[in-house]
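Report on one structure; see the data block that follows.
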């Protein structure tokens, strides 16, 4: 694993060298100036970073989710908002990569890998958040099409994205066994977007509703070519995408730690730098422990995702652990950073406040803290019975 990590680190280093100045500009942007970083995302596509984990035969680099997570971590160290816009690429791509037909992969993965097409993921609804299988969106077969009706809520990158992995019920009476996935293109008649949401944080990552009214999607865009397998597609996707969210947490937590150390060394009070005070040292130590522990969990989960013999429940457990702990680490470190930096940390132009606001979403999207703990405990209990 150590050798593999060293190899994968090359891609993250290459990314930072190419785009760090752009990232710093995004991170310094005041909240009211925040807008979707389209130029930044397109530049990443030109450099090959959109297709890191997409196989070479579909135009990608043919690497693993581990490399993608490392790059996401590096972006989040500077700007979690931009990192979220990047991370959702994996979330939207995975259903096609893991479950799509050969025709779907050839048509869409090549364009995603090049940055020609941006992709998003749509499952959340007003009454289907943590209880995702309570979704009400319907998809009815009509000849060579499926007609989709319903609304998805809080969809990351809705609007800027060109295609959407959308999930709807094809057989409502079957519950979770009646869910199917569809690839919906932005220009499809019947697809509209709600207003851009005003959020506490990650404001450069646009969030909108998807409104589908008699939206006719070609039957060839049914993910995997078979109905009623959507629940499996969703779980297989989230078990991996949560690792990416964990990586975002690691980057955010580490960025907070580095800023806190830098400020503590420079800030003088009572004739000495505040870094010499034990209470500050203890906070820095706790922040560092969170970063390194979160890294270990995220890297282990990412490594497991790349092993062919990793069982689904093992991947689900470690993905949930990584996401849960790293999100906590990011929020706690962002808060401690403001406390260490005092009044300066409260000022918008300093950047600590933005990181604090941005970090809070990590404990909510792609499964709340509580859902992750439920998942971990469920698997632990199941394992103990075997």
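Numbering (UniProt numbering), first residue to last: 1 to 386. For each residue, glycine too, the CB sits at the ideal point set by N, CA and C.
How long is the line joining the alpha carbons of residue i and residue j, rounded to whole angstroms?
i	j	result
residue 199	residue 385	43 Å
residue 176	residue 343	50 Å
residue 62	residue 54	5 Å
residue 339	residue 345	7 Å
residue 2	residue 322	Residue confidence is low: residue 2 scores 49 on pLDDT, short of 50, so the model does not pin down where it sits. No coordinate-derived value is stated.
residue 135	residue 152	9 Å
residue 154	residue 303	30 Å
residue 331	residue 265	22 Å
residue 163	residue 117	7 Å
residue 369	residue 287	20 Å
residue 64	residue 51	10 Å
residue 44	residue 115	7 Å
residue 146	residue 290	47 Å
residue 335	residue 329	10 Å
residue 261	residue 217	53 Å
residue 128	residue 306	30 Å
residue 215	residue 333	44 Å
residue 104	residue 185	12 Å
residue 195	residue 209	7 Å
residue 347	residue 245	27 Å
residue 158	residue 359	20 Å
residue 93	residue 106	13 Å
residue 297	residue 207	29 Å
residue 180	residue 219	12 Å
residue 141	residue 110	28 Å
residue 383	residue 320	15 Å
residue 41	residue 60	16 Å
residue 253	residue 191	38 Å
residue 367	residue 88	14 Å
residue 203	residue 259	21 Å
residue 308	residue 56	18 Å
Please check the pair residue i and residue j, which I expect to be a contact at CB under 8 Å, by giving their CB distance rounded to whole angstroms.
i	j	result
residue 294	residue 325	5 Å
residue 251	residue 74	6 Å
residue 156	residue 120	6 Å
residue 316	residue 363	The pair is not a contact, with the Cβ atoms about 18 Å apart (cut-off 8 Å).
Cβ of residue i within 8 Å of Cβ of residue j?
i	j	result
residue 205	residue 91	no
residue 49	residue 78	no
residue 36	residue 160	yes
residue 183	residue 149	no
residue 243	residue 165	no
residue 123	residue 167	yes
residue 178	residue 188	no
residue 361	residue 249	no
residue 300	residue 239	no
residue 234	residue 314	no
residue 58	residue 139	no
residue 130	residue 371	yes
residue 337	residue 285	no
residue 247	residue 85	no
residue 95	residue 310	no
residue 212	residue 137	yes
Can you tell me where the alpha helix (DSSP H) with residue i in it begins and where it stops?
i	result
residue 243	230 to 266
residue 401	Given that the chain is displayed from residue 1 to residue 386, the structure contains no residue 401 and the question cannot be resolved.
residue 86	80 to 99
residue 475	Any answer about residue 475 is impossible in this case: the structure gives the chain only from 1 up to 386.
residue 286	278 to 305
residue 161	It is not in any alpha helix (DSSP H) - residue 161 carries neither H nor E in the DSSP assignment.
residue 119	Premise fails: residue 119 lies in the beta strand (DSSP E), 119 to 122, not in any alpha helix (DSSP H).
residue 270	Element bounds for residue 270: n/a, residue is neither H nor E.
residue 325	312 to 345
residue 40	38 to 47
residue 353	352 to 359
residue 114	110 to 114
Between which two residues does the beta strand (DSSP E) containing residue i stretch?
i	result
residue 149	145 to 156
residue 142	138 to 142
residue 209	207 to 218
residue 191	191 to 193
With a threshold of 7 Å (Cβ to nearest heavy atom), would residue i be considered close to the ligand FMN?
i	result
residue 68	With respect to small molecules bound, the structure shown includes none, and the ligand FMN cannot be examined in it.
Contact the stretch 368 to 379 vs the stretch 264 to 278: 3+ CB pairs below 8 Å: no
Stretch-stretch touch, CB-based, cutoff 8 Å, three pairs: the stretch 277 to 286 with the stretch 348 to 355: no
task: Specify whether the stretch 91 to 103 and the stretch 225 to 243 touch according to this definition: at least 3 beta carbon pairs, one from each stretch, less than 8 Å apart.
output: yes
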